[in-house]
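> Provided herewith is a single structure, encoded as structure tokens, for subsequent inquiry.
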Amino acid sequence: MLNTDMEFIEENKTCSYFDTRISDTRYKIQQNCDANTAFSLLNRGWRRFGNMSFVPECKECNDCVSIRIDVKNYKFSKSEKRVLSKNKNTKVYIQEPSLSLEHIELYNTYHKYMSIKKDWNFNEISPDEYYMSYVQGAKNYGKEILYLVDDKLVAVALCDFFTEAISSIYCYYDHDYEELSLGKFSILLQIKLAKENDIPYIYLGYWIKDHLSMGYKEKYKPFEYLVNRPTLQEIPIWRDYE
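Under the working numbering, think of the first position of the sequence shown as 167, with each following residue one higher.
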């Protein structure tokens with residue numbers, strides 16, 4: 167396990183989203199990243215997994231667009247209200263990120279399913295790998311949202327909670343409960359939590375228009391998108407998406 171702070175660029179790697187493209191990514195490893203620094207990175211297009219944050223710096227492509235939901239002006243549609251209603255008996259717990267056999271089994275089952283449905287590469291995650299990506303680095307702002315049906319863990323969402331925003335880091339769930347639309351429910355619940363706590367934005371990470379795995383984020387309108395690729399010393403420019 168890395169135990170020192172560092173920053174580096176990984177260049178000319180196969181893109182995670184397009185097999186025929188090359189990606190360049192900047193990484194930052196920070197053992198003690200406080201909430202202000204974490205939000206500053208988030209607001210400039212960075213994503214956090216464990217103690218590592220990253221941002222794309224591809225030379226010839228800008229398709230990965232950082233977006234954030236405008237919580238105040240978001241109105242739940244009739245279909246979204248039905249999703250919330252269907253989950254009235256789903257128990258929800260928010261706590262510090264944790265690791266259990268249930269987490270690992272659910273995570274691997276989810277990814278095995280997605281490898282068939284969306285042709286994702288599938289590699290089983292080990293407890294150590296899960297811990298490094300989803301448990302460590304949480305500090306006082308990283309949380310997990312656990313979703314239980316009849317006391318069975320059916321979904322997990324990893325989020326960072328700041329005064330100014332919720333960062334929706336990752337979510338995985340049990341496809342055997344497809345009728346509950348757990349992926350949608352997780353985002354809708356976060357919007358509901360943000361509304362109740364006067365949190366203005368939910369950051370959904372990178373959106374790629376019309377992409378099989380990343381295009382769905384466009385459904386959560388109104389949202390804003392990051393126009394520029396600012397350094398930590400530059401001001402991020404966010405605009406409404408029409």
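In this text, a Cβ means the ideal position worked out from N, Cα and C, and glycines have one as well.
Would you decide whether Phe-351 is buried or exposed? Buried here means 16 or more other CB atoms lie within 10 Å of its CB.
If you number the sequence shown from 1, residue 351 lands on position 185. Phe-351 should be labelled buried.
> Which residues bound the beta strand (DSSP E) around Lys-254?
By 1-based counting over the sequence shown, the position of residue 254 is 88. Where Lys-254 is concerned, there is no enclosing beta strand (DSSP E), given that its DSSP letter is neither H nor E.
> Return the residue from the list Leu-378, Ser-379, Tyr-372 that minimises the CA-CA distance to Pro-222.
What you label residue 222 is simply residue 56 of the sequence shown in a count that begins at 1. Nearest C-alpha to Pro-222: Tyr-372.
> Closest to Thr-191 by C-alpha separation, out of Tyr-369, Asn-239, Asn-198, Ser-182, would be which residue?
The sequence position of residue 191 within the sequence shown is 25, counting from 1. Of Tyr-369, Asn-239, Asn-198, Ser-182, the residue nearest in Cα terms is Ser-182.
> Under a three-way DSSP split, which group does Met-167 fall into?
Position 1 of the sequence shown, counted from the start, is the residue given in the question as residue 167. For Met-167, the predicted model reports a pLDDT of 45, less than 50, meaning its position is unreliable; a value from the coordinates is still stated below. Reduced to three states, the DSSP call for Met-167 is coil.
> In its own chain, which residues sit with a C-beta less than 6 angstroms from the C-beta of Met-167, not counting the 5 before and 5 after it?
To locate residue 167, count along the sequence shown from 1; it is residue 1. Only weak support is given to the placement of Met-167: the predicted model assigns it a pLDDT of 45, under 50, and the value that follows is read from those uncertain coordinates. Contacts found: none.
> Within a Cβ cutoff of 7 angstroms, which residues of the same chain sit near Tyr-249, ignoring the five residues on either side of it in sequence?
Position 83 of the sequence shown, counted from the start, is the residue given in the question as residue 249. Sequence inspection shows Val at residue 249; the Tyr mentioned does not correspond to that position. Same-chain partners within the cutoff: Ser-347, Lys-350, Phe-351, Leu-354.
> Which residues mark the beginning and the end of the beta strand (DSSP E) in which Asn-202 is found?
For the purposes of this step, residue 202 is taken as residue 36 along the sequence shown, with counting starting at 1. Counting along the chain, Asn-202 falls outside any beta strand (DSSP E), though it belongs to the alpha helix (DSSP H) covering 201–208.
> Can you tell me where the beta strand (DSSP E) with Ala-304 in it begins and where it stops?
Taking the sequence shown and counting its residues from 1, the one referred to as residue 304 is at position 138. No beta strand (DSSP E) contains Ala-304, which DSSP labels as neither H nor E.
> Could you pull out every residue in the same chain whose Cβ sits closer than 6 angstroms to the Cβ of Phe-215, ignoring the five residues on either side in sequence?
Counting from 1 along the sequence shown, the entry for residue 215 is found at position 49. Only Ser-299 meet the Cβ criterion.
> Count the other CB atoms, across all protein chains shown, that sit within 10 Å of the CB of Leu-378; report buried if there are 16 or more and exposed otherwise.
Here residue 378 is taken as the residue at index 212 of the sequence shown, counted from 1. Burial call: exposed.
> By a C-beta neighbour count over all protein chains shown, 10 Å radius and 16 as the cutoff for buried, is Ile-175 buried or exposed?
Taking the first residue of the sequence shown as position 1, residue 175 is located at position 9. Flag for Ile-175 reads exposed.
> Roughly how many angstroms separate the alpha carbons of Ile-368 and Ile-311, rounded to a whole number?
Taking the sequence shown and counting its residues from 1, the one referred to as residue 368 is at position 202. Taking the sequence shown and counting its residues from 1, the one referred to as residue 311 is at position 145. One C-alpha to the other measures close to 15 angstroms.
> Quick one: what does DSSP say Leu-378 is sitting in, helix, strand or coil?
Counted from its first residue, the sequence shown places residue 378 at position 212. In the structure shown, Leu-378 sits in coil (DSSP, three-state: anything other than H, G, I, E or B).
> Leaving aside the five residues before and after Ile-260 along the sequence, list all residues of the same chain whose C-beta is less than 6 angstroms from its C-beta, in chain order.
Here residue 260 corresponds to residue number 94 of the sequence shown, with the count starting at 1. Lys-309, Ile-311.
> State the start and end residues of the unbroken alpha helix (DSSP H) segment that holds Ile-282.
The residue given as residue 282 occupies position 116 in the sequence shown. It spans 267–283 - the alpha helix (DSSP H) in which Ile-282 sits, taken as one unbroken run.
> Based on Cα-Cα distance, which residue from Glu-330, Glu-345, Ala-331, Ala-323 lies nearest to Cys-337?
Counting from one through the sequence shown, the residue named residue 337 turns up at place 171. Nearest of Glu-330, Glu-345, Ala-331, Ala-323 to Cys-337, Cα basis: Ala-323.
> Apply the 10 Å Cβ neighbour rule to Pro-124 and answer buried if 16 or more other Cβ atoms are within range, or exposed otherwise.
Any property of residue 124 remains undetermined from this structure, which presents the chain solely from 167 to 408.
> Tyr-339 to Asn-394, Cα distance in whole Å?
Taking the sequence shown and counting its residues from 1, the one referred to as residue 339 is at position 173. Taking the sequence shown and counting its residues from 1, the one referred to as residue 394 is at position 228. For Tyr-339 and Asn-394, the distance between alpha carbons rounds to 33 angstroms.
> Could you check whether Ala-331 and Pro-293 sit closer than 9 angstroms to each other, using their CB atoms as the reference points?
For the purposes of this step, residue 293 is identified with residue 127 of the sequence shown, where counting begins at 1. For the purposes of this step, residue 331 is identified with residue 165 of the sequence shown, where counting begins at 1. The answer is no: Cβ separation not under 9 angstroms.
> How would you label Arg-213, buried or exposed, when you count the other beta carbons within 10 angstroms and need 16 or more for buried?
What you label residue 213 is simply residue 47 of the sequence shown in a count that begins at 1. The residue is buried, with at least 16 neighbouring Cβ atoms inside 10 Å.
> Where does the unbroken beta strand (DSSP E) through Tyr-391 begin, and where does it stop?
In the sequence shown, counting from the first residue as 1, residue 391 sits at position 225. Tyr-391 -> beta strand (DSSP E) spans 389–392.
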